[in-house]
Structure formats: structure tokens, C-alpha cells
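A.B. asks:
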Amino acid sequence: MTLRVHLWESYYELLKTLRQPAFVLPSLAFPVVFYTLFAVLLPGNWGSYQKATYLLATYGVFGVIGPALFGFGVGLALERQQGWLRLKRVSPMPVSAYFTAKIVMSLVFAVVIYGLLSLVGLVFGGVEIGLGPWLALGAVLLLGVLPFCALGLLIGSLVSGQAAVAIVNLVYLPMAVLSGLWIPLFIFPGFLQDLAVVWPAWHLAEMALGVVGQVEGVPMARHALVLLLMTALFLVLAALSWRR
Amino acid sequence: MATDVLAAWRGAVKRYGAITALDGLDLEIHAGELVALLGVNGAGKTTALGLITGELAPDAGRVELFGGDPALPARRARLGVMLQEAELPETLKVGELVHLQTRYFDAPMAIDRTLALAGLESLGDRRYEQLSGGQKRRVQFALALAGDPALMLIDEPTTGLDVGARRQFWQVIRDLKARGVSIVLTTHYLEEADALADRIVVIGRGRVIAEGTPREIKSRASGRRISARSVLPLDRVRGFAHVAQASAIDGRIHLTSARVEDVLREWLAADDELADLTVEALSLEDAFVELTREPAP
Chain D
1 MTLRVHLWES YYELLKTLRQ PAFVLPSLAF PVVFYTLFAV LLPGNWGSYQ KATYLLATYG
61 VFGVIGPALF GFGVGLALER QQGWLRLKRV SPMPVSAYFT AKIVMSLVFA VVIYGLLSLV
121 GLVFGGVEIG LGPWLALGAV LLLGVLPFCA LGLLIGSLVS GQAAVAIVNL VYLPMAVLSG
181 LWIPLFIFPG FLQDLAVVWP AWHLAEMALG VVGQVEGVPM ARHALVLLLM TALFLVLAAL
241 SWRR
Chain Z
245 MATDVLAAWR GAVKRYGAIT ALDGLDLEIH AGELVALLGV NGAGKTTALG LITGELAPDA
305 GRVELFGGDP ALPARRARLG VMLQEAELPE TLKVGELVHL QTRYFDAPMA IDRTLALAGL
365 ESLGDRRYEQ LSGGQKRRVQ FALALAGDPA LMLIDEPTTG LDVGARRQFW QVIRDLKARG
425 VSIVLTTHYL EEADALADRI VVIGRGRVIA EGTPREIKSR ASGRRISARS VLPLDRVRGF
485 AHVAQASAID GRIHLTSARV EDVLREWLAA DDELADLTVE ALSLEDAFVE LTREPAP
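Residue numbers (the numbering used here), protein chains in the order written: chain D, 1 to 244; chain Z, 245 to 541.
1. Along the segment 299-319 of chain Z, where does the CB come closer than 7 angstroms to a CB of chain D? Name the residues.
2. With a threshold of 8 angstroms between beta carbons, is D/Gln82 in contact with chain Z?
3. Nearest chain D C-beta to Z/Pro477 closer than 8 angstroms, yes or no?
4. Which of the residues in the segment 82-104 of chain D, read from start to end, lie with their CB under 7 angstroms from any CB of chain C?
5. Specify whether the segment 334-342 of chain Z and the segment 361-372 of chain Z touch according to this definition: at least 3 beta carbon pairs, one from each stretch, less than 8 angstroms apart.
6. Measure how close the beta-carbons of Z/Thr430 and Z/Asp392 come, nearest whole angstrom, since I'm counting them as under 8 angstroms.
7. Less than 8 angstroms between the CB atoms is what I'm expecting for Z/Leu271 and Z/Val445, so what's the real figure, rounded?
8. For D/Met220, count the other beta carbons within 10 Å of its own beta carbon; 16 or more makes it buried, fewer makes it exposed. Which is it?
9. Comparing the C-beta of Z/Ala330 with each C-beta of chain D, is any distance below 8 angstroms?
10. Determine whether the beta carbon atoms of Z/Ala202 and Z/Arg322 lie at a separation below 8 angstroms.
11. Which term fits Z/Asp438, buried or exposed, when burial requires 16 or more other beta carbons within 10 angstroms of its beta carbon?
12. With DSSP run on the structure shown, which of helix, strand or coil describes Z/Gly456?
13. Which whole-angstrom value is the C-beta distance of Z/Gly456 and Z/Leu526, which I expect to be below 8 angstroms?
14. Please check if any C-beta of chain D sits within less than 8 angstroms of the C-beta of Z/Phe349.
15. When you measure from the CB of D/Pro189 to every non-hydrogen atom of the ligand PLP, does any distance come out below 7 angstroms?
16. Looking at chain D, is there any beta carbon in it that lies within less than 8 angstroms of the beta carbon of Z/Thr358?
17. From D/Ala208 to D/Gly44, what does the alpha carbon distance come to, in whole angstroms?
18. Going by other Cβ atoms of all chains shown within 10 Å of its Cβ, with 16 needed for buried, is D/Val198 buried or exposed?
19. Among all the DSSP beta bridges, which residues are the ones paired with Z/Met396?
20. Which class does Z/Ala272 belong to by DSSP, given the choice of helix, strand or coil?
21. Please classify Z/Pro477 as buried or exposed, where buried requires at least 16 other C-beta atoms within 10 Å of its C-beta.
22. What residue does the alpha helix (DSSP H) around Z/Asp506 start on, and which one ends it?
23. Can you tell me the Cα-Cα spacing of Z/Asp248 and Z/Ile427, whole angstroms?
24. Interface residues of chain D around Z/Thr297 at Cβ under 7 angstroms?
25. Hey, Z/Ile497 and Z/Ser471 are a contact pair by Cβ (cut 8 angstroms); roughly how many whole angstroms apart?
26. Give me, in chain order, the residues of the same chain whose beta-carbon lies closer than 7 angstroms to that of D/Thr231; leave out the 5 immediate sequence neighbours on both sides.
As C-alpha cells, this is what we get:
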């Protein structure tokens, strides 16, 4: 019974979202277009790095965190404001079904985005990657969605729907740039490279680059732990805001 | 019998900071009843509903839904709720919204039947964003019905509906009641409470200040309403003995009094030109104003 509710809730969350071109198109197009531009169309020799593989990892991170931040952040803020969430809270629906549905939606988008990026990279970008590392990167990206669901949850819990759009953009785009998701971090000034430790996206990008061998000796456990702690912090802060 | 009580507030207190929204509310809702909660804005009606849906927790006292704590989702399996303001996802279709709602219940109502009762038969394939305001309200009502509830809570169902739509809605409510569903509705419209309710509960300053059948509530504010065209200033008339309230509207003076004969004697003696005199029973609205009047300082 409870599992079925979670599945139905997820199904309708997906259906609802897929019917919103204003959400679907940017979510899919931005990472794929940017990746095609930087990894395939613009020439460049990055020495020891394999450009298309390197960018597959970073644009993979950029792509999967978008729907998580927007779906949770803006979706929750709007539905909270409109009373849809209240209507669910006064029904017998377990609250977990609501959040599960949003996580499932984020994961489905992550799978599609990773699939599209891989297609472009393998067919046009000359990405050379074994099945093992490709699957490992997929796993990192899917698990990596969760901290950003938590961050979106926090934003969506705090602000109204309109404000959430602005705030998510304000967090998402600068964080993406400063974490080296668009352009590699190694060409940035030193202090910006040092600052990157504060961005959850940087930690995830390091793990993604590590599993595809583009950065050597990545301390995977440490990055995973940092992401876990950040997730916990976002969830605690969100829970506190609900207690008001 | 105790099982007859579907919902109960027992000395329920709810505060928001310095404001006490509910100040020891005592009320029981019985099976098969249609209760109207009446009160001015801020009287505590919506807070009272919020406690019984489990959305809010009382600061003191107890709240029971089907004999247990409404905060447990399973306790709400036979409850249907229509909120005052709730917009639904715009891109889902009416039938899909109802279907999703039925998934939360073990023994939901058939979707076709829910749509029919809510007057949405022909709109099942329409997206929510394509509906008119009245149709959207009906979808929200359909969601409250979807679980085949034994008790429905309806917060200001007809606010913003036109007269025709309001009458239509009343008929649906009466049909549901005839099928044995208990209904609690809050309303600003005294006419609505008068037309539908078995029992009216007037809430003021977070407590029950009066309860009874519409007829009893009307008689509670004893007396009659007198109105006439008079040459006397309003203040003079207000000063007569036994006048409860007086007002001047469109050149007529209206007043209420429990001792009509005494007032009339004094007024007729003071004003030779008194004209257009009418004396009538207090309406529910008069009774309501009387009951919810702030006590004089």
C-alpha cells in the first residue's frame, strides 16, 4: 500500500513535470548544448587531459544538479505557497511520498541528461571510456543528485515561489562556474580554486573526474563525507524552518 | 455512545505568539450531522479545522479524530478536506488529480462517481489550468470526496461563487448529508448556515459563544428589529430605554430591542411624524451580530 502510494506520487510528479516545457527544455538543453559547444565544436588541446571526457564529468554534474535544485526548490516553494502541499498533509498520504516523488523526478532527469551527454561525447566528441568507468560515473552522478535535492528542499522551505526561482538561479549558476563545471577550474586564479571547497558541486565534480581518471588521486571518501555532511546540514536547517 | 463522536475538540488552545487563536474550544461532531462554524474573521474557525486535520497541534487540551490523534496519517483515512485556498498542479488533468487522490485511501470512491457528484463528468480530460474558477473549486471538492469520507471538513466552500453556483453546491452538500456523511463547514454567509446546518456553532475569540439549531440561534438574540422614518436624530433614538442597537441607513432608523412595546411607546410619543414603521423578527444575521459583538469596555 505505502509503496504503491510512493510509485503513484512519483508517476504523477513526472507527468506533471514533463508537461512543463519551461522546465524540461532548459533542463535538458543547457547541459547538452554547452557540452556540445565546449567539448565538440571548440577546438583545444588540454595536454594530459582528455577534454571531452573531462567535460563529460563536469557537464554531467552541471546537468544533474539543475533539475534537483529547480524541482525541489522552486517546486516545493510554489506548492507550499499554493496550498497543494497543505492539501496533501491533511490527506492520509505519507509525507515521504511527496519527497520521494521529487527525488525520483530528479533521478529520471539525471539519467536522461547523462544519456544525452554520453551520446554526444561518444559519437561526436571522441570520448574514450570503458564500460566500468562509464557506469561508475553514472552512479556518482545519480547519488550526487541527493545533496542538491536537500539544498533545493532547504531553499523551497524558506522562500516563496517567485523568490525561489531567483535564489536557485543565484546559487546554481555561480556555483557551477566557480566549481569548474563549465570551464575547468585549473585555469582559474588560485584563490578561486581554493574557494571551491565550499561548493558542494566542486566536491561532486572531483569525484566524477576521479572515477573517469581525469584527476589522479582524488580522495573519494573525503569528498563523499563532505557531501554527506552538507546534505545533513541542509536537511536539519530545512527541518528547523518547518518547525516554526 | 462514544463511537458516535467523529471529531472532538476538548479544551483546545492554540496560540500564535501573543495571539490566542483558540482559547479552550469544546465541541463534538456527531455522525450524520451538518455543522456550520460561524464567526467573524479571526474568530478561530480555520485554526479549529487545522487542529482536527492534524496540521496544527494544540498548545493545551486535546483534539480527537475518529477517537484518536489526527496527526497520524492513517487516522485521516475517513476524512475529506476542502481548504479555503488550494491551487492544484496546473498541468494535470481533472481525472488524473482525482485518481492520484484516491491512491491515498484503502476504500476510495469510484472516480466516475466522484466526478459525477462534483459535477465534473464532462471535464475529466481537461487540464486544471483550463478550468474556470468555479470549476476549480469543484475539483477541490472532488478531491475531498475521493476517499469516500465519513466526515468532511469544508472551509468557506462558496466564497467567490455566484448565486447559481452556490445553490448548486448546497444541493450537493444536502445529497451527501442524505447519504450519511457528516459535514463541518465554515462560512461567512449566514444564509448558507441557515439553509444547510442542523447545528450552528458560533465561534468568537477562540471559544464557542453559542450553539444550537438555526432557529435556536435566532431566538438567542431575543427581541425584534424595528425600523421607521423619523425626524429624530439617531442619537436621541439610541438613547431610548431598552434599545440594544440602533443605526441609520438610507434615511431610516433601524434598531433592535427585547422590549418592542416600550420602545415604540417612547418613540411614537417623541415623534409625531413617525412613518413607514415595520417590526420584524431578528434575522440570523442580527443574531450573529448580537452574539459576536465585543463586550462594552
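Quick reminder that beta carbons are idealized off the backbone N, C-alpha and C, glycines included.
C.D. replies: In short:
1. Glu299, Pro317, Ala318
2. yes
3. no
4. Among the protein chains in the structure shown, which are D and Z, there is no chain C.
5. yes
6. Not confirmed; about 22 angstroms, so no contact.
7. 6 angstroms
8. exposed
9. yes
10. Residue 202 of chain Z is absent from the model: chain Z starts at 245 and stops at 541.
11. buried
12. strand
13. Going by Cβ atoms, the distance from Z/Gly456 to Z/Leu526 rounds to 14 angstroms, so no, they are not a contact pair.
14. yes
15. Among the components modelled here there is no ligand, and therefore nothing to report on the ligand PLP.
16. no
17. 21 angstroms
18. exposed
19. Z/Gly324, Z/Ile427
20. The sequence given here places Glu at residue 272 of chain Z; Ala does not occur at that position. In this structure, Z/Glu272 counts as strand in the three-state DSSP scheme.
21. exposed
22. 504-514
23. 14 angstroms
24. Val90
25. 7 angstroms
26. Leu146, Pro147, Ala150
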